[in-house]
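My numbering applies: residue 51 is where the sequence shown begins, and numbers increase by one.
To keep things clear, I will list the structure first and then write my remarks on it.
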Amino acid sequence: MNLQTRRRILLGSVAVLIGIATAAQDRTIGNIPGRKITSLDGIWQYIIDPYETGFYNYRFMERAESDREAYWNTDIPNDKSDRKEHGYSDARVLKVPGDWNSQDPTLLYYEGTIWYKKTFNYTKTSATNRLYLYFGAVNYQAHIYLNGKKLGSHKGGFTPFNLEIPDNLLKPTDNFLVVKVDNKRLADEIPTLNTDWWNYGGITRSVQLVELPSEYIADYMLQLDRSSTDTKKPVITGWVNIAGGNTQKITIEIPELKVKKSFAAEHGTASVRIAAPELQYWSPENPKIYTVNITSEKDKLQEKIGFRTIDVKEKQVLLNGKPVFLKGICIHEEIPEEMRRAHGARDAVKLLSWAKDLGCNIVRLAHYPHNESMTRVADSLGLMVWSEIPVYWTINFASASVYENAKQQLIDMINRDHNRASVVLWSVGNETPVSAARNIFMKSLLETARAQDATRLVSAALEVTYTKDKNIIDDPLGEYVDIVAVNEYLGWYSGLPDACAKAVWEVKYNKPLFFSETGAEAVSGFHADQLTRWSEEYQEYYFQEQIAMMKRMPDNFVGWSPWILADFKSPRRNNPYYQEGWNNKGLISQKGLKKKAFYTLKNYYHELQHK
Ligand code: GCB
Numbered sequence: 051m052n053l054q055t056r057r058r059i060l061l062g063s064v065a066v067l068i069g070i071a072t073a074a075q076d077r078t079i080g081n082i083p084g085r086k087i088t089s090l091d092g093i094w095q096y097i098i099d100p101y102e103t104g105f106y107n108y109r110f111m112e113r114a115e116s117d118r119e120a121y122w123n124t125d126i127p128n129d130k131s132d133r134k135e136h137g138y139s140d141a142r143v144l145k146v147p148g149d150w151n152s153q154d155p156t157l158l159y160y161e162g163t164i165w166y167k168k169t170f171n172y173t174k175t176s177a178t179n180r181l182y183l184y185f186g187a188v189n190y191q192a193h194i195y196l197n198g199k200k201l202g203s204h205k206g207g208f209t210p211f212n213l214e215i216p217d218n219l220l221k222p223t224d225n226f227l228v229v230k231v232d233n234k235r236l237a238d239e240i241p242t243l244n245t246d247w248w249n250y251g252g253i254t255r256s257v258q259l260v261e262l263p264s265e266y267i268a269d270y271m272l273q274l275d276r277s278s279t280d281t282k283k284p285v286i287t288g289w290v291n292i293a294g295g296n297t298q299k300i301t302i303e304i305p306e307l308k309v310k311k312s313f314a315a316e317h318g319t320a321s322v323r324i325a326a327p328e329l330q331y332w333s334p335e336n337p338k339i340y341t342v343n344i345t346s347e348k349d350k351l352q353e354k355i356g357f358r359t360i361d362v363k364e365k366q367v368l369l370n371g372k373p374v375f376l377k378g379i380c381i382h383e384e385i386p387e388e389m390r391r392a393h394g395a396r397d398a399v400k401l402l403s404w405a406k407d408l409g410c411n412i413v414r415l416a417h418y419p420h421n422e423s424m425t426r427v428a429d430s431l432g433l434m435v436w437s438e439i440p441v442y443w444t445i446n447f448a449s450a451s452v453y454e455n456a457k458q459q460l461i462d463m464i465n466r467d468h469n470r471a472s473v474v475l476w477s478v479g480n481e482t483p484v485s486a487a488r489n490i491f492m493k494s495l496l497e498t499a500r501a502q503d504a505t506r507l508v509s510a511a512l513e514v515t516y517t518k519d520k521n522i523i524d525d526p527l528g529e530y531v532d533i534v535a536v537n538e539y540l541g542w543y544s545g546l547p548d549a550c551a552k553a554v555w556e557v558k559y560n561k562p563l564f565f566s567e568t569g570a571e572a573v574s575g576f577h578a579d580q581l582t583r584w585s586e587e588y589q590e591y592y593f594q595e596q597i598a599m600m601k602r603m604p605d606n607f608v609g610w611s612p613w614i615l616a617d618f619k620s621p622r623r624n625n626p627y628y629q630e631g632w633n634n635k636g637l638i639s640q641k642g643l644k645k646k647a648f649y650t651l652k653n654y655y656h657e658l659q660h661k
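Spelled out as structure tokens, the structure:
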């Protein structure tokens, strides 16, 4: 099946899925930063509503749209005898983007509903243009209302979505925008009830108004053909998709490469194929990014794209046709010193510069899609990215609706970032317990990822089967992934770090092997001998033993991404002396200080560099 046919089929299935998950959500709009956008970020008023009174009436039925007591309707009394039991005021405000937990001490542990309200003025530059409301992410469920009318809803805390604003709803001034945000953890959601990270609630990423021509460039994917491993003959392939249009001329221009080529879009989609002999390949050593102009008959936009190939051959991972050893680190989307969700370019530069300083060439963005700045900054800093959906631990693998939700999150993650050179691998989950239902679920997600994007690798972080004398990697999913990735904590969750010296590994699959996690907790500034748990010395010793073990791994060992760059908040971690709600496996502390093990790993990566 060629890419274009596959794409059309997928667009069809996306539409079906959107119908299930989100009533009025519209199609993908790629490259939001490159559009005509008006930010709605900043100060929003809010109401805490743990009983969801603004949504349900006293019989716990969803309120009618016109219900005066619904929190999406005006809070201004008609006159002095009118009764209003809800109100938005400047006494209660939250910053968007941002989690609510870090903005008000009373919200630190809050899990439930908060209503956000913003008023805005807007007039379209042309009456025929279309206007969308774009959310980078809202954790977890959002219901969106404009001027008392419901625009739509969305589930999934880490992926973007947009809703079209109909002309008859928009006013030039005083548009009353309300978002009900609910971050309650639920068994049949993704993630499920149980994780090892903080459930930060809120409108955690940017909100934008996006104005587009009536027929606009909806999305595109421009990547090096996977077979372009000969750097003398690079071929850029992909597609451009037009919304509202049918037959159109599309032009792609890469001025620096003196490339300018036109294609015909039929049924809204154009297939692209461009020979670019002068292309410099993107790599961590040379993160070359090109300005790409895409023009249709009614729309144009600019994008920055790097071009590289990623593949596996026998037991190796090949970047631009050459074997690469993956020097990684896992990262949560969190700024430890401020105990908050990270967002925006400044945070991305901070987190990814730490990874660069460590000597990494890849980061595993755990355990959910991070904000778009992370992958864009990774493009420009030269870091490869492992990107993952929060199919984590014990989600309900037997449920069809849970599967549809996972699939939608996967598709949304891929759609947002399929033009990022940094992203080399889509991961469909982490440490999911083997069962017949789970195997089918995960295999189908891997197939979806492959069908959606034929240019990247697919995998998932798997578990190890530990027996008395061997550690066996035999998860049935190993058969379907491009690289076999496992998490292991020898010397932390079992035994002491010297367990590594005696470890015998048996791998069932003749594929590249990657250790997607390993780590030990240490409280920054706590010094003791190397056998004292929680000390920096124990963590240092742990890394020394782990590194020694990695050096003995067979030649299919292609790298690792230890756990984790920085300490992070987790309600599961309740040791009152050493944790107090923190998972302290960071190589960088709660206060942003490097621990001893940071340098142990840095030296290993430095050694590898000079081998
Ligand atoms: C894991 C999980 C990760 C945890 C980590 C830990 O295996 O994948 O989410 O935070 O272990 O610290 O135990």
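The C-beta atom is built at its ideal place from N, Cα and C for all residues, glycine as well.
Please read all numbers here as calculations on a predicted model, not as lab measurements.
{"Query": "Contacting residues, own chain, Cβ-Cβ under 7 Å from Ala237 (five flanking each side not counted)", "Result": "Leu243, Asn446"}
{"Query": "Pick from Thr103, Lys167, Lys518, Pro127 that is closest to Leu144, judged by C-alpha positions", "Result": "Lys167"}
{"Query": "Arg602, buried or exposed, once every other Cβ within 10 Å from all chains shown has been counted against 16", "Result": "exposed"}
{"Query": "Three-state secondary structure (DSSP) of Cys410", "Result": "coil"}
{"Query": "Selected residue, minimal CA-CA separation from Tyr190, among Asn249, Asp532, Ala535", "Result": "Asn249"}
{"Query": "Closer than 8 Å: Lys635 CB and nearest ligand 1 heavy atom", "Result": "yes"}
{"Query": "First through last residue of the beta strand (DSSP E) which encompasses Met434", "Result": "434-438"}
{"Query": "Continuous beta strand (DSSP E) assignments of at least 3 residues falling wholly in the stretch 554-586", "Result": "555-557, 563-567"}
{"Query": "Proximity below 9 Å, CB of Ser256 to CB of Trp289", "Result": "no"}
{"Query": "CB contact below 9 Å: Thr209 versus chain B", "Result": "No chain B appears in the structure shown, which is made up of a single protein chain."}
{"Query": "Member of His660, Asp605, Ser585 whose CA lies at the smallest distance from the CA of Lys646", "Result": "Ser585"}
{"Query": "Status (buried if at least 16 other CB within 10 Å, exposed otherwise) for Glu384", "Result": "buried"}
{"Query": "Exposure of Met111, with buried meaning 16 or more beta-carbon neighbours within 10 Å", "Result": "exposed"}
{"Query": "Cut-off 6 Å between Cβ atoms - residues of its own chain near Asn465, not counting five sequence neighbours on either side", "Result": "Thr78"}
{"Query": "Helix, strand or coil at Val427 according to DSSP, with G and I counted as helix", "Result": "helix"}
{"Query": "Gly569 CB to nearest heavy atom of ligand 1 below 8 Å", "Result": "yes"}
{"Query": "Three-state class that DSSP yields for Phe648 in the structure shown", "Result": "helix"}
{"Query": "Rounded C-alpha distance that separates Ile304 from Thr341", "Result": "6 Å"}
{"Query": "Residue(s) in a DSSP beta bridge with Asn128", "Result": "Paired residues: none, contrary to the question."}
{"Query": "Short Cβ contact (9 Å threshold) for Leu433 with Leu402", "Result": "yes"}
{"Query": "Run of the alpha helix (DSSP H) containing Tyr453, from where it starts to where it stops", "Result": "450-467"}
{"Query": "Sequence-distant residues of its chain with Cβ nearer than 8 Å to Trp632 (five each side left out)", "Result": "Asp617, Phe618, Lys619, Ser620, Arg623, Gln640"}
{"Query": "Where Ile302 sits in the DSSP three-state scheme", "Result": "strand"}
{"Query": "Trp443 (DSSP reduced to helix, strand or coil)", "Result": "coil"}
{"Query": "The beta strand (DSSP E) enclosing Ser321, as first and last residue numbers", "Result": "319-325"}
{"Query": "Local conformation of Leu181 per DSSP, three classes", "Result": "strand"}
{"Query": "As assigned by DSSP and simplified to three states, the class of Lys601", "Result": "helix"}
{"Query": "Per-residue DSSP class, three states only, for Phe491", "Result": "helix"}
{"Query": "Whole-angstrom distance between Pro210 and Ile533, CA atom to CA atom", "Result": "28 Å"}
{"Query": "Cβ-heavy atom distance, Ala647 to ligand 1, below 8 Å", "Result": "no"}
{"Query": "For Trp122, three-class secondary structure by DSSP", "Result": "coil"}
{"Query": "Whether Ile344 touches Glu353 by CB criterion (9 Å)", "Result": "yes"}
{"Query": "Distance, Val188 Cα to Asp232 Cα", "Result": "9 Å"}
{"Query": "Contact set for Ile412: own chain, Cβ-Cβ below 6 Å, skip 5 residues either direction", "Result": "Leu376, Gly378, Met434"}
{"Query": "Backbone CA spacing between Pro100 and Ile240 [nearest angstrom]", "Result": "21 Å"}
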